[in-house]
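Participant:
Chains as they are written, first to last, in the working numbering: chain A, 1 to 468; chain B, 1 to 164.
1. Which residues in the same chain have their Cβ closer than 6 Å to the Cβ of residue 444 of chain A, if we skip the five residues on either side of it in sequence?
2. Leaving out five residues on either side along the sequence, give the residues of the same chain with a beta carbon under 8 Å from the beta carbon of residue 419 of chain A.
3. Which residues does DSSP list as the beta-bridge partners of residue 284 of chain A?
4. Could you pull out every residue in the same chain whose Cβ sits closer than 8 Å to the Cβ of residue 107 of chain A, ignoring the five residues on either side in sequence?
5. From residue 15 of chain A to residue 202 of chain A, what distance separates their C-alpha atoms?
6. Does DSSP classify residue 71 of chain A as helix, strand or coil?
7. In chain order, what residues of the same chain lie with their CB nearer than 6 Å to the CB of residue 133 of chain A, ignoring the 5 residues before and after it?
8. State the DSSP-derived secondary structure class of residue 104 of chain A, mapped to helix, strand or coil.
9. Counting only Cβ pairs nearer than 8 Å, list the residues of chain B close to residue 346 of chain A.
10. Excluding sequence positions up to five away, which residues of its chain have a Cβ less than 7 Å from the Cβ of residue 110 of chain B?
11. Within the same chain, show all residues whose beta-carbon is closer than 8 Å to that of residue 1 of chain B, passing over the 5 residues directly before and after it, in chain order.
12. Does chain B have any CB closer than 8 Å to the CB of residue 68 of chain A?
13. So, at 8 Å on beta carbons, what are the nonlocal neighbours of residue 123 of chain B in its own chain, with the 5 sequence-adjacent residues on each side left out?
14. Would you list, in chain order, the members of the region 40-51 of chain B that have their beta-carbon closer than 7 Å to a beta-carbon of chain A?
15. Keeping to the same chain, check which residues put their C-beta closer than 6 Å to that of residue 12 of chain A; ignore five residues upstream and five downstream.
16. Looking at the C-beta of residue 414 of chain A, does it have a partner C-beta in chain B at a distance below 8 Å?
17. Within 8 Å, do at least three Cβ pairs link the region 29-47 of chain B to the region 79-87 of chain B?
18. In chain B, what lies closer than 9 Å to residue 370 of chain A by C-beta?
19. Assuming residue 150 of chain A contacts residue 43 of chain A (C-beta within less than 8 Å), just tell me the rounded distance between them.
20. Given 8 Å as the limit, is there contact between the region 305-323 of chain A and the region 383-396 of chain A, that is, 3 or more CB pairs closer than that?
21. Please determine if the region 255-266 of chain A and the region 44-55 of chain A are in contact, where contact requires at least 3 C-beta pairs separated by less than 8 Å.
22. Considering only residues of the region 79-121 of chain B, which uninterrupted alpha helix (DSSP H) runs meet the minimum length of 4 residues and lie entirely inside it, listed in chain order?
23. Between which two residues does the beta strand (DSSP E) holding residue 4 of chain B run?
24. Kindly indicate which three-state DSSP category residue 395 of chain A falls into: helix, strand or coil?
25. So does the region 71-90 of chain A actually touch the region 169-186 of chain A, counting three or more Cβ pairs closer than 8 Å?
26. Taking three-plus beta-carbon pairs below 8 Å as touching, is the region 57-70 of chain B in contact with the region 123-140 of chain B?
27. Whole angstroms is fine: what's the gap from residue 440 of chain A's alpha carbon to residue 347 of chain A's?
28. Looking only at C-alpha atoms, which of A:303, A:129, A:117 and A:104 sits nearest to residue 66 of chain A?
29. State the DSSP-derived secondary structure class of residue 123 of chain A, mapped to helix, strand or coil.
30. Which residues in chain B sit within 9 Å of residue 349 of chain A, going by Cβ to Cβ distance?
31. DSSP three-state label for residue 163 of chain A, please.
32. Three Cβ pairs or more, each shorter than 8 Å: is that satisfied between the region 154-166 of chain A and the region 201-215 of chain A?
33. Tell me whether residue 471 of chain A sits in a helix, a strand or coil according to DSSP, three-state version.
34. According to the neighbour-count rule (16 or more other Cβ atoms, all chains shown, within 10 Å of its Cβ), is residue 97 of chain B buried or exposed?
35. Counting only beta-carbon separations shorter than 8 Å, does residue 54 of chain B have a partner in chain A?
36. Residue 419 of chain A CB to nearest chain B CB: under 8 Å?
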């Protein structure tokens with residue numbers, strides 16, 4: 001009896017010990033201290049050169065894109081970010097004392113960037129890509145902090161996230177971090193040159209390219225083994241930007257530089273959707289950083305195989321000659337094709353070919369659709385988005401434009417057009433359920449479509465986008 | 001042969017299905033308000049209203065118009081009884097050379113049918129697609145605001161047979 005009692009006491013104390021240890025571990029994982037609030041520093045207390053560098057870094061990080069809601073003040077947050085788990089609203093990162101980061105010390109800012117914890121010690125949702133920002137150097141965080149703390153403070157309270165239980169509990173994020181947040185995922189590679197290393201540092205860190213271009217797992221984390229294999233963002237497909245790239249003409253460093261710098265490339269077309277804001281921001285930063293990103297990413301794409309290069313050359317040659325099969329509408333197989341194909345062919349001939357089959361080069365004419373990645377991509381979303389909304393002009397710049405056809409064509413007509421374009425120019429098996437893709441695109445474009453407003457908070461002296 | 005509904009009337013049209021609507025309006029129906037500017041959907045001089053939406057008629061082939069209602073500037077009002085949008089553009093003297101103005105009025109009309117009191121930013125955002133080379137943009141802006149006010153007053157209801 002006594003033995004029994006003794007052993008049950010032992011078991012109880014073991015269980016209690018385990019429970020307490022578990023609680024301590026959980027507490028240690030979840031709990032983060034608040035960092036003392038400061039008086040908002042005077043803007044004049046920051047060095048102007050540091051602020052300027054922070055501005056360029058913020059442009060590389062594309063901070064304004066998520067932290068500025070359509071039509072609202074720069075960096076004041078409130079943009080709804082749709083995720084498979086619910087809607088998360090971006091936060092106000094202006095130096096407003098009450099609703100922004102005005103009372104954050106540099107240490108608090110650095111901690112948020114490095115480990116996704118706010119000044120109060122609350123875990124931040126990984127829609128804020130600290131899995132990349134953890135690679136940002138102290139020096140760069142200092143510059144970013146200086147830039148943000150010298151913006152105009154905007155009073156804009158945070159909006160309530162729309163997440164269901166248990167994801168609305170922030171302790172859950174601690175578990176996510178345990179599984180997926182890795183510090184120091186960028187290390188310089190001494191075997192590579194300075195430019196490559198600079199590019200790697202930016203791409204894996206502040207520029208967070210993988211946040212869109214890497215597919216995510218069911219818990220919303222990037223799949224490390226499929227890095228840059230293509231992802232989804234705001235009803236757009238972010239193409240694979242590695243060896244699996246669907247681009248008809250293989251990318252190289254020179255083409256990447258031109259595209260990222262001016263927002264379009266004659267062999268590849270125009271950056272649209274969420275990428276439009278990225279290139280608008282990249283057009284304002286030091287050229288050397290874009291060259292570095294291009295050099296690093298060219299390595300990620302890898303040298304094309306001989307076969308891929310040959311196909312790319314063929315497509316280019318066809319696009320550049322008006323007699324090749326990719327550019328002569330008389331070879332359209334409309335005669336023996338189905339009704340739907342005939343509809344697509346007629347729409348193409350009447351509404352598209354005037355610009356897309358011309359000897360005027362980009363940006364004055366449309367790209368030959370044989371070169372279009374949208375038509376060789378894995379689904380019809382991007383092509384549907386472009387046909388619906390077109391390519392809006394960017395104020396004050398020479399760049400390609402295209403009228404949108406949302407008002408002029410119904411979903412079935414656009415689907416017929418896309419199926420025709422896919423077969424004729426993509427020369428690939430048909431996409432599935434294109435009409436539904438178009439209907440979804442029509443629904444979502446009213447939510448997400450915004451014309452690029454550029455980087456409106458730039459100090460004087462920011463470079464203009466390069467002229468074509 | 002297809003039937004095209006323009007300004008409330010049915011027209012039998014004998015043309016290829018891929019003929020741009022603009023050509024049919026001007027050449028066959030002699031409705032010359034919509035202008036040929038670029039032929040590429042880039043300038044907006046050819047803008048008309050199709051089922052309530054502003055559409056560039058130079059890049060809209062006939063085959064897309066089966067069963068749809070087309071409204072041109074001629075369908076909004078006449079010289080004797082101008083529609084509010086036309087009155088407003090005249091009162092603000094918004095035309096200089098005038099080539100873009102029919103398209104401007106049609107896109108503004110489509111906007112006002114959906115949004116009776118647009119803000120300055122909304123008007124600018126909408127009319128951004130229509131180009132004016134003379135530079136009467138500020139007058140055009142004022143004219144659209146004036147049209148919005150006119151449309152709210154009883155004596156300026158749209159002429160019969162105008163846009164739905």
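Glycine included, every Cβ here is placed at the ideal spot set by N, Cα and C.
Facilitator: Short version:
1. 235
2. 340, 341, 344, 430, 431 and 434
3. According to DSSP, which records beta bridges pairwise, residue 284 of chain A is partnered with nothing at all.
4. 35
5. 48 Å
6. coil
7. 113
8. coil
9. 17, 18, 61 and 63
10. 49, 52, 53 and 54
11. 12, 13 and 14
12. no
13. 108, 111, 141, 144 and 145
14. 40, 41, 42 and 50
15. none
16. no
17. no
18. Simply none; closest approach about 20 Å.
19. 4 Å
20. no
21. no
22. 84-91 and 101-114
23. 2-6
24. coil
25. no
26. no
27. 21 Å
28. A:129
29. strand
30. 18 and 61
31. strand
32. no
33. The requested residue 471 of chain A does not occur in the structure, where chain A is confined to residues 1 to 468.
34. exposed
35. yes
36. no
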